[in-house]
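Before any comments, here is the structure.
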Amino acid sequence: MAVLFSPEEFTKLKKELVLFSCALKNMEMRVWTLLEEFQNLQTYNPIEHVKTRMKSPESIADKLNRRGLEITAENARTQLTDIAGIRCICSYARDIITLADIIKRQPDIKILRQRDYIESPKPSGYRSYHLIIEVPIYLTEQTERIPVEVQIRTQAMDFWAALEHKVRYKFNDDMPESITKNLWECAEQISELDKQMFEIQNMANSTREKK
Ligand code: 0O2
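With the sequence shown counted from 1, adding 25 to any position gets you this note's numbering.
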């Protein structure tokens, strides 16, 4: 049965979510600024597109419950770091670290955690670069520092993750071994494709330079 916030905690949660939503917009604006620069002031744009999402109260309650925590607004605020999430989709794997480094250099951002699931893919085959950062939100009376999860991956990695997520959801985390294996193999093939597309791009660039 689904776990839910009590009416009192839900009222408190809604107030917290305003801050998370502000932090997400703040982060989106930072990435949008970079995108404008890449597109208009630089010769190369590594960002294909950007998606944002706020975790729903139902998924927040579910995650707290899975971690054995009480379903309170306080726990949501202090224990979860992925209520606000932004996903940046890059053209090539090489662009991922470049973009992550640019974000990490922003002086008012604090890096809470970074995970390179490209260098070390998850056992499922999942590849992506994750950053948990703290963004300052300037309110009328005080500054709040709110965590935002930044996921950076290629289009190919994103394609795999989206479809794998749908399949896994169907099995409620109890996926048959054969499907797990198939998905893992697809992740390997996709990683190979990423490499090949990058090589093609390099070949095209050097051919054009020679002309
Ligand atoms: P959603 O709906 O995308 O937000 P935790 O955050 O506690 O679950 P951890 O180790 O702290 O786990 O974070 P992790 O594993 O670095 O990143 C969690 C998020 O990465 C997930 O969020 C997914 O978005 C994504 N992810 C991680 N592993 C996989 C995987 O095997 N397949 C796919 N498709 N996505 C993955 P949520 O909360 O699970 O979901």
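Glycine included, C-beta positions come from ideal geometry on N, C-alpha and C.
- Distance from the CA atom of E166 to the CA atom of C47, rounded to whole angstroms, is 16 Å.
- Note that the C-beta distance between V75 and R112 is below 8 Å.
- In the DSSP assignment, I85 falls within the alpha helix (DSSP H) that extends over 82-91.
- Within 7 Å of the C-beta of R152 there is not a single heavy atom belonging to the ligand 0O2.
- Excluding the 5 residues flanking it on each side, L49 has same chain C-beta neighbours closer than 8 Å at T77, M79, A109, G110, I111, V173, in chain order.
- S81 sits exposed, since fewer than 16 C-beta atoms from the chains shown fall within 10 Å of its C-beta.
- Not one heavy atom of the ligand 0O2 lies closer than 7 Å to the C-beta of H74.
- Cβ neighbours of A125 within its own chain (closer than 7 Å, five residues either side excluded): Y154, L156, I177.
- Setting aside the 5 residues that flank it on each side, E169 is surrounded in the same chain by L44, I162, each with a C-beta closer than 6 Å to its C-beta; the list follows chain order.
- Within the segment 98-160, complete alpha helix (DSSP H) segments of at least 4 residues are found at 98-104, 118-129, given in chain order.
- Your pair E189 and R102 does not check out as a contact, with CB atoms roughly 30 Å apart and the cut at 8 Å.
- The Cβ atoms of I96 and L89 sit closer than 8 Å to each other.
- Three or more beta-carbon pairs drawn from the segment 217-229 and the segment 117-137 are found closer than 8 Å, and the two stretches are therefore classed as touching.
- Beta-bridge analysis with DSSP links I177 to C113, Y154.
- No Cβ-Cβ contact shorter than 8 Å links K191 with A98.
- Assignment of V192 by DSSP, reduced to helix, strand and coil, places it in the helix class.
- When the beta-carbon positions are compared, I127 and L59 come within less than 8 Å of each other.
- Residue burial annotation: V28 is exposed, with fewer than 16 other C-beta atoms found within 10 angstroms of its C-beta.
- Beta-bridge partners assigned by DSSP to T168: Y163.
- Just measuring C-alpha positions, the residue of N70, I85, D107, I143 sitting nearest E159 is D107.
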